[in-house]
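Numbered per our numbering, the sequence shown spans residues 72 to 367. Structure first, then comments.
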Amino acid sequence: MSKLIVILGPTATGKTKLAARLAFEFDGEIISADSRQVYKGMNIGTGKDLDDYVVNGKKVPYHLIDILEPEEEYNLYSFKENFLQAYDDILARGKSPFLAGGTGMYLSAIINNYQLKQINFEADEYAKLNSLNFDELKNILLTVKSTLHNKTDLVDKERVIKAILVAKAMENKLNRNISSLIIGINLERSEVKKRITERLKKRLDEGMIDEIKMLVENGISFEKLNYFGLEYKFAGMYLKGELSYMAMFQKLNSAIHNFAKRQMTWFRKMEKEGTQIHWIHGNDFGEAKEIIIMNR
């Protein structure tokens with residue numbers, strides 16, 4: 072196949088399982104488009120579900136999972152650079168590349184060829200921004216990036232400065248137009264909400280809190296947990312004693328539901344801007360396979 076096959080959709084809709092089955096069928100490998108699964112030791116909370124990559128007893132190769140320690144920084148530039156390395160490697164070995172995940176910005180960076188250049192956070196511009204107060208920085212960020220999808224950019228001064236620099240740097244580097252065939256998983260919102268709640272209960276039963284507690288014991292700050300968002304943010308609040316277990320569950324469950332809505336908003340925005348997404352009902356393997364055969 073000459074095209075990159077992209078599998079996208081809101082959380083808890085079975086993207087990984089579908090992508091693995093398709094990659095197995097078409098002799099492919101999967102590149103993950105998930106901003107948190109790059110980190111080691113964050114398995115249950117990020118939903119790596121590595122068993123989903125095993126199809127008919129064979130492990131489907133995957134990329135950009137477990138490549139960093141939780142203490143390390145990762146950004147859009149890093150992702151696109153890593154993606155292109157993996158993409159070229161897959162093609163060089165005669166395999167078919169698949170991109171699967173739910174981080175909208177990462178997906179758009181590849182599909183729409185965002186122009187990025189590496190940021191030097193020690194440069195003069197960083198020093199100038201660092202001299203401003205928090206409110207001034209927030210105003211600048213909202214000016215250079217009027218549609219702010221990642222609210223964690225407003226958590227602290229350092230995050231705001233880096234977000235400003237990244238927004239200003241959407242140019243001049245990692246320029247590669249890649250032909251893509253995009254398949255989107257669509258489910259009724261009620262079904263997505265049901266799956267999210269069931270999956271959250273399962274992850275908690277599997278030891279998600281203990282896994283996050285281990286991160287803290289290994290030196291990850293509660294501030295960094297907050298940066299990771301969702302499961303890590305609310306579990307951190309529970310571990311600090313700021314939320315009861317039930318309150319943590321309810322708030323986290325609601326936050327993931329809202330996250331799924333924001334994901335669909337992002338995908339609809341992509342469509343309005345000209346990206347063609349072939350929507351299928353649920354993770355229907357047969358329907359997705361037919362789309363690939365018809366458009367390869």
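For each residue, glycine too, the CB sits at the ideal point set by N, CA and C. Quick caveat, the model's predicted, so the values are computed rather than measured.
Going by alpha carbons, who is nearest to residue i out of the options?
i, options, result
"residue 270", "76, 85 and 74", "85"
"residue 357", "169, 148, 90 and 207", "90"
"residue 143", "110, 117 and 339", "110"
"residue 236", "304, 248, 327 and 195", "195"
"residue 74", "181, 276, 312 and 228", "181"
"residue 155", "80, 246, 308 and 232", "246"
"residue 170", "275, 295 and 250", "250"
"residue 147", "214, 212 and 238", "238"
"residue 205", "187, 186 and 234", "234"
Just verifying my parser: in three-state terms, what is the DSSP assignment at residue i?
i, result
"residue 267", "helix"
"residue 255", "strand"
"residue 171", "strand"
"residue 71", "In the structure displayed, the chain extends from 72 to 367; residue 71 sits before or after that span and is not available."
"residue 161", "helix"
"residue 187", "coil"
"residue 76", "strand"
"residue 348", "coil"
"residue 85", "coil"
"residue 312", "coil"
"residue 331", "helix"
"residue 243", "Because residue 243 sits at a pLDDT of 47, beneath the cut-off of 50, its placement in the model cannot be relied upon, and the point is left open."
"residue 292", "coil"
"residue 210", "helix"
When the Cα atoms are used, what is the spatial distance from residue i to residue j?
i, j, result
"residue 323", "residue 314", "11 Å"
"residue 243", "residue 184", "For residue 243, the predicted model reports a pLDDT of 47, less than 50, meaning its position is unreliable and no value from the coordinates is stated."
"residue 301", "residue 210", "25 Å"
"residue 321", "residue 354", "27 Å"
"residue 94", "residue 131", "7 Å"
"residue 349", "residue 123", "23 Å"
"residue 318", "residue 267", "17 Å"
"residue 228", "residue 202", "11 Å"
"residue 139", "residue 281", "20 Å"
"residue 283", "residue 303", "7 Å"
"residue 82", "residue 165", "31 Å"
"residue 78", "residue 254", "5 Å"
With a cut-off of 8 Å, do at least 3 Cβ pairs link the stretch 132-139 to the stretch 102-122?
yes
Whole alpha helix (DSSP H) runs in the stretch 96-169 with 4 or more residues, listed along the chain?
147-163
With contact counted as at least three CB pairs below 8 Å, one residue from each stretch, are the stretch 164-180 and the stretch 110-128 in contact?
no
On the three-pair Cβ rule with 8 Å, is the stretch 251-262 touching the stretch 283-294?
no
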